[in-house]
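In the working numbering, the protein residues as written are 139 to 432.
For glycine and all other residues, C-beta sits at the position ideal for the given N, C-alpha and C.
A quick note: this is a predicted structure, and the numbers were derived from the prediction, not measured.
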Ligand SMILES: NC(=O)c1ccc[n+]([C@@H]2O[C@H](COP(=O)([O-])OP(=O)(O)OC[C@H]3O[C@@H](n4cnc5c(N)ncnc54)[C@H](OP(=O)(O)O)[C@@H]3O)[C@@H](O)[C@H]2O)c1
């Protein structure tokens, strides 16, 4: 019987992986890495019978202690982009030192691996972490996650239905948006079955959509006509910053929009479907839930 530890278990993805694991294996075989064991999310995990272990990606020793006796580690990429690679180095080295048998890492789907990528800042630490894992001697499974479908409402802003405009500079780019919970469900299958050592998997949807199609789906769901407008990147940046959106977000959104326009996420795979035994959630299914007319 394998003992599985899920990192990021107090966050959206990790918590969802834990929930899917609970349907597949005994709670006594699941551990969760938490930064603060008294945090409400950590207490929720404990209430489900999941053991919590305290550790921080910035604290190597805490990770070595937390990873002792773990067979499979589900390693959720960190959210602190500036310091992420150093944190990931700590996780990989601690896994090695603690004798973890397999590391399943949540990486990122991409095409352009050079610094010309509009999202090089995000991609760089994923690429370096993948290389580190491959060189570590650990058994690894790299999950190349599609862009989260769950991010769409954030990209479009909360006025999209009210204003009747989906304003985002992604042009005609097609994107393989993938639901975070579907990736969690697929990960639970990987963690509870064998044959995934030293594999790299494309965890993307089976279809791509453009932002024109997204606007049409929001129109259908909301009952209000929504038109897609793709401004020039400079205009987009100016509009968002004048509206008081912090520059950090403006730059990130503009970078992702440009990546979408360049087809960076225009790739499909039926691998997730084979794992979860059904088609992954489509963008129109997701949007019909988010923007349902009242
Ligand atoms: N593919 C995509 O489109 C996409 C989009 C967004 C994010 N991501 C990536 O996917 C990851 C998971 O997404 P999510 O929605 O689940 O994010 P989330 O809800 O923000 O969860 C992040 C988790 O990581 C934990 N964490 C952060 N810093 C840590 C540290 N220094 N040491 C230990 N744990 C730490 C957090 O713990 P606390 O609860 O203690 O804060 C939380 O459990 C993100 O971190 C990011 O790398 C991908």
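Near ligand 1: residue i beta-carbon under 6 Å from a heavy atom
i	result
residue 265	no
residue 317	no
residue 434	The structure shown does not extend to residue 434, since the chain spans only 139 to 432, so no value can be given for it.
residue 194	yes
residue 472	An answer regarding residue 472 cannot be provided, because it is not within the stretch 139 to 432 covered by the chain.
residue 286	yes
residue 215	yes
residue 329	no
residue 159	no
residue 248	no
residue 199	no
residue 290	no
residue 151	yes
residue 226	no
residue 173	yes
residue 311	no
Residue burial classification, residue i (beta-carbon count within 10 angstroms, cutoff 16)
i	result
residue 412	exposed
residue 279	buried
residue 151	buried
residue 399	buried
residue 343	buried
residue 191	buried
residue 240	buried
residue 366	buried
residue 427	exposed
residue 175	exposed
residue 233	buried
residue 320	buried
residue 387	exposed
residue 430	exposed
residue 261	buried
residue 90	Look at the range of the chain in this structure, 139 to 432, and you will see that residue 90 is not part of it.
residue 244	buried
residue 479	Past the boundaries of the shown model lies residue 479; the chain is included only from 139 to 432, so the question cannot be answered.
residue 217	exposed
residue 228	buried
residue 185	exposed
Alpha-carbon spacing of residue i relative to residue j, whole angstroms
i	j	result
residue 210	residue 250	30 Å
residue 256	residue 142	35 Å
residue 362	residue 356	8 Å
residue 282	residue 265	10 Å
residue 208	residue 276	13 Å
residue 272	residue 352	37 Å
residue 377	residue 167	50 Å
residue 382	residue 238	46 Å
residue 384	residue 139	48 Å
residue 199	residue 224	14 Å
residue 294	residue 236	43 Å
residue 380	residue 297	16 Å
residue 334	residue 374	42 Å
Reference residue i; option with closest CA among the options
i	options	result
residue 407	140, 372 and 316	316
residue 327	289, 341, 159 and 423	159
residue 308	347, 415, 200 and 169	347
residue 402	183, 313 and 262	313
residue 248	336, 404 and 324	404
residue 424	296, 291 and 332	291
residue 188	156, 358, 345 and 422	156
residue 369	354, 360, 359 and 349	349
residue 126	269, 360 and 375	This structure cannot settle anything about residue 126, because the visible part of the chain is limited to 139 through 432.
residue 206	196, 169, 184 and 310	169
residue 371	332, 391, 364 and 301	391
Close-in-space but distant-in-sequence residues of the same chain around residue i (CB under 6 Å, 5 per side omitted)
i	result
residue 330	162 and 163
residue 145	171, 213 and 214
residue 395	306, 307 and 308
residue 339	281 and 409
residue 288	318
residue 178	none
Close beta carbons around residue i, own chain, < 7 Å, minus the five adjacent residues each side
i	result
residue 180	148, 172, 174 and 190
residue 324	341, 410, 413 and 414
residue 417	344 and 411
residue 194	173 and 200
Cβ-based neighbour list, residue i, same chain, cut-off 8 Å, excluding 5 preceding and 5 following
i	result
residue 259	219 and 393
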